[in-house]
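The block underneath contains the structure these notes are about, expressed in structure tokens.
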Amino acid sequence: MAIWSITGIVALGLAGCSKTFLDRDALDAIPNDQFWKTEGQLKLAANACYDYLKGKNVVDMENMGDNTIYPPMTDYLAIATGNFDFTLGTLNSEWANQYAGIRRCNHFLENYQKAEGIQPAKLAQYAGEVRFLRAFLYSYISFFFGDVPLITNTIDIGDEQVMGPRNPRAQVADFILQQLDSAAAELPATYPAADLGRITKGAALGWKARVALFYGKYDVAEAAAKAVMDLNVYQLYTGGGANSYNELFTHKGKLSNGVNKETMLARLYLIDVIMHNMSRECQVPDQGARFCPTKSLVDAYLCTDGMPIEKSPLYNEGAQQAYGDVFKDRDPRMSQTILAPGATWGGQDDGDQDDKPSAIFNLPKFNADKKGCVTATGYYFTKYVQVSAVATYNKDPNDIHIMRYAEVLLTYAEAREMQGKLTQADLDISINLLRDRVGMHHMIISELAAWGMDLRQEIRRERRVELALEGQRYFDLLRWKQGNLLAADVKGMKKSFLPAYMQPYVASLKVDANGYMIVNTDRRFQDPKNYLWPIPLTQFQRNPQLGQNPGWQ
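Just so we're aligned, residue 142 is where the sequence shown starts under our numbering, counting upward by one.
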């Protein structure tokens, strides 16, 4: 059974459980003493835990960073701007959802060994999958809140743990890493096609690398990343030739096609069964795009000579005469991520003067006449867009890629550099493979030094452009202690690039000293306050022993 989505599958029973501080209903479909008998029941119980694996929400979290913006005041924009408090709904929903999933995983791990007649390797596999999922959930909740209750058993409302204090973040991180080690030892490296989407050994090791990197355990991150590389299971997707990077995020890159060996962990979707709305949200034909690339992201892409736009002779801002000039001579991942003039799109009428639907993108649209997709910044995404899925609401079966082999390569390089161990040979087996895929100039340490460029900054730039729109930028800014970047004004395109007929629609937008539109302002990021979310008011009211994070009292 492929793990497309477990929503709606009959849930495992949790007899005798009442509501806890998690505020989630108990699952009482099957009495506990009648469950845990057969392999079929055990698989059903493990599958039910997959229901808490994040899906499109991973991409939605991109709007908490500085790569994208959706100007209406959503919870994610409030977090990005620093203008929120402990009453924000997303805080409590993330807390409750992660702990609901943790509770389900705990219940499985307390009972799975009761099943009879199952091969030990299969029993270990199911346990490894659920250990991974529990570690996955604890990762997010500790990233968000810092110190959190470390609950490893199924608790009822009367248990002392319900009303206990939080465990230190370092203890939770150690637990996560230990659980991922256990999961990696229990899980197979690959599965037959019938088990597409199940957690693998590589996914456990890759997630360990991500968690270790977040917590500054660079030696651990390096070792875990190298272990994935040494499995020789994964490789970068190249099925689409020069356009492979973009194609990976379309229907052609779905794991079910059997040609994508790059994606290590994904939430799978299936046409007419379980779908999402990602493609449409990027180019919604009658409204505003939900993900608008920022000038900050656009400026991050190097020129084809490997130099940033501030240094490269290929980029002369003063000589640019048109919107399309911004895309010329840039890292090919730029036009495979951000829609460039001449590309196909599904947004209907664009910003040209003919006022008619077009299958080819020419200029950005700012007039909200419901005839085409409106952008807040002047830019649109083409990454994650399947044009055929744009026209109809919630008809997108693209896989949501939670972890790719590309990330592992980036982690390996960053972890090596943070320890002062990075060599050119390391770059050639990591970052330069990513550049080879798109035909981009190699990262060469001696060259960077000659150009006056900082190696660490360039590794971080590489991570930004490779993983744009994959929900990681916010967490990277937190771990790099660069939260101040979230306080900067969000800017868009140069206003002068718009033709006269479009100028009235942007007249109210201020511009900076260089003529770039200021899309969002009055942002703030307080150090150390905003490096953690506050404990949600609902949870604090239920259990005052949770306390509150610094600055949020």
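Glycine included, every Cβ here is placed at the ideal spot set by N, Cα and C.
Just reading off the beta strand (DSSP E) that Asn661 is part of, what are its end residues? Its beta strand (DSSP E) spans residues Tyr657 to Asn661.
Which ranges would you report for the alpha helix (DSSP H) in the region 390–442 if only whole runs of at least 4 residues count? Entirely contained in the region 390–442, the alpha helix (DSSP H) runs reaching 4 residues are, in chain order, 419–424 and 436–441.
Measuring straight from C-alpha to C-alpha, what distance separates Asp164 and Ser283? Caution applies to Asp164, whose pLDDT of 35 falls short of 50 and renders its modelled position unreliable; the value that the coordinates give is listed next. Ser283 has its alpha-carbon roughly 19 Å from the corresponding atom of Asp164.
Distance check for Tyr359 and Ala353, CA to CA, integer angstroms please. One alpha carbon belongs to Ala353, the other to Tyr359, and they sit about 7 Å apart.
In terms of residues, what are the limits of the alpha helix (DSSP H) holding Arg620? In the DSSP annotation of this structure, the continuous segment of the alpha helix (DSSP H) that includes Arg620 starts and ends at Arg614 to Arg620.
Under 8 Å by Cβ, that's how I've got Gln424 and Trp486 pegged, so tell me the actual separation to the nearest angstrom. The pair is a contact, with the Cβ atoms about 6 Å apart (cut-off 8 Å).
Have a look at His583, Ser571 and Ala591 and flag the residue whose alpha-carbon is nearest the alpha-carbon of Met370. Of the listed residues, the one whose Cα sits closest to Met370 is Ser571.
According to DSSP, is Val374 helix, strand or coil? Val374 falls in the coil class under three-state DSSP.
Assigned exposure category for Tyr534 - 16 Cβ within 10 Å defines buried: With fewer than 16 Cβ atoms within 10 Å of its Cβ, Tyr534 is classed as exposed.
Minimum C-alpha distance to Leu337 - residue among Ala509, Pro434, Leu396 and Asp192: Cα-wise, what sits closest to Leu337 is Leu396.
Quick check: what's the CA-CA separation for Trp623 versus Leu183? A small correction: the amino acid at residue 623 is Gln; Trp does not occupy that position in the sequence shown. If you draw a straight line from the Cα of Gln623 to the Cα of Leu183, it comes to about 44 Å.
If you run the structure through DSSP and keep just helix, strand and coil, what is Gly89? A question about residue 89 goes unanswered here, because the residues of the chain that appear run from 142 up to 694.
Taking its Cβ as the centre, do 16 or more other Cβ atoms sit within 10 Å of Glu558, making it buried, or is it exposed? Glu558 is buried by the Cβ-count criterion.
DSSP beta-bridge partners for Ile340? Note: Ile340 sits in no beta bridge, so no partner.
Here's the rule: buried if 16 or more other CB atoms are within 10 angstroms of the residue's CB, otherwise exposed. What is Ile317? Within 10 angstroms of the beta-carbon of Ile317 lie 16 or more other beta-carbons, which makes it buried.
Taking only three categories from DSSP, how would you classify Asp466? Helix at Asp466.
Expressed to the nearest angstrom, what Euclidean distance is found between the alpha-carbon atoms of Arg605 and Arg614? Looking at the two C-alpha atoms, the distance is approximately 7 Å.
Would you say Pro426 and Gln477 are within 8 Å of each other, going by their C-beta atoms? Not in contact: Pro426 and Gln477 (Cβ atoms no closer than 8 Å).
DSSP three-state assignment for Arg597, whether helix, strand or coil: Looking at Arg597 - three-state DSSP - the assignment turns out to be helix.
What first and last residue would you give for the beta strand (DSSP E) that runs through His248? Element bounds for His248: not the beta strand (DSSP E) but the alpha helix (DSSP H), Gly230 to Asn252.
From Lys635 to Leu443, what distance separates their C-alpha atoms? Cα to Cα, Lys635 sits roughly 19 Å from Leu443.
Who are the Cβ neighbours of Asn503 in its own chain at under 6 Å, not counting the five residues just before and after it? Cβ-Cβ distances below 6 Å link Asn503 to Pro482, Asp491 and Asp493 in the same chain, with the five nearest sequence neighbours on each side left out; the list follows chain order.
Neighbourhood of Thr435 by C-beta, 8 Å cutoff - its chain only, sequence neighbours within 5 removed: Closer than 8 Å at Cβ, skipping near neighbours: Asp207, Asn208, Thr209, Ile210, Thr518, Tyr520, Val631, Lys632, Gly633 and Val660.
DSSP has Lys255 in a bridge; who is on the other side? Looking at the DSSP output, Lys255 sits in no beta bridge, so it has no partner there.
Is the Cβ of Thr523 closer than 8 Å to any Cβ of chain B? This model lacks chain B altogether; it includes just one protein chain.
Could you tell me whether the region 372–384 touches the region 402–409, using the rule of 3 or more Cβ pairs below 8 Å? Counting Cβ pairs under 8 Å, three or more are found: they touch.
Where Gly447 sits in the DSSP three-state scheme: The three-state reading of DSSP puts Gly447 in coil, since its state is none of H, G, I, E or B.
State the DSSP-derived secondary structure class of Gly222, mapped to helix, strand or coil. For the sequence presented, residue 222 should be read as Thr rather than Gly. Three-state DSSP puts Thr222 in a helix.
Below 8 Å on the Cβ atoms is my guess for Tyr193 versus Leu291; work out the distance and round it to an integer in Å. The beta carbons of Tyr193 and Leu291 sit about 17 Å from each other, so the pair does not count as a contact at 8 Å.
Find out if the Cβ-Cβ distance for the pair Pro677, Pro691 is shorter than 8 Å. No, Cβ-Cβ distance for Pro677 and Pro691 is not below 8 Å.
Can you tell me whether Asn384 is helix, strand or coil according to DSSP? Residue state, collapsed to three classes: helix.
Using a Cβ-Cβ cut-off of 8 Å (strictly less than) and excluding sequence neighbours within five positions of Ala547, which residues of its own chain qualify? For Ala547, where only same-chain residues beyond five positions count, the Cβ hits under 8 Å are Leu377, Glu403, Leu575, Glu607 and Leu608.
Tell me whether Ala365, by its Cβ, gets closer than 7 Å to a heavy atom of the ligand NAP. No copy of the ligand NAP appears in this structure; indeed no ligand is present at all.
Beta-ladder partner(s) of Arg683, from DSSP: None, per the DSSP bridge assignment.
For the alpha helix (DSSP H) holding Val526, just list the boundary residues, first then last. Unbroken run through Val526: none, as it is neither H nor E.
Measure the alpha-carbon distance for Gly580 versus Leu596 and round it to whole angstroms. Straight-line Cα distance between these residues: approximately 21 Å.
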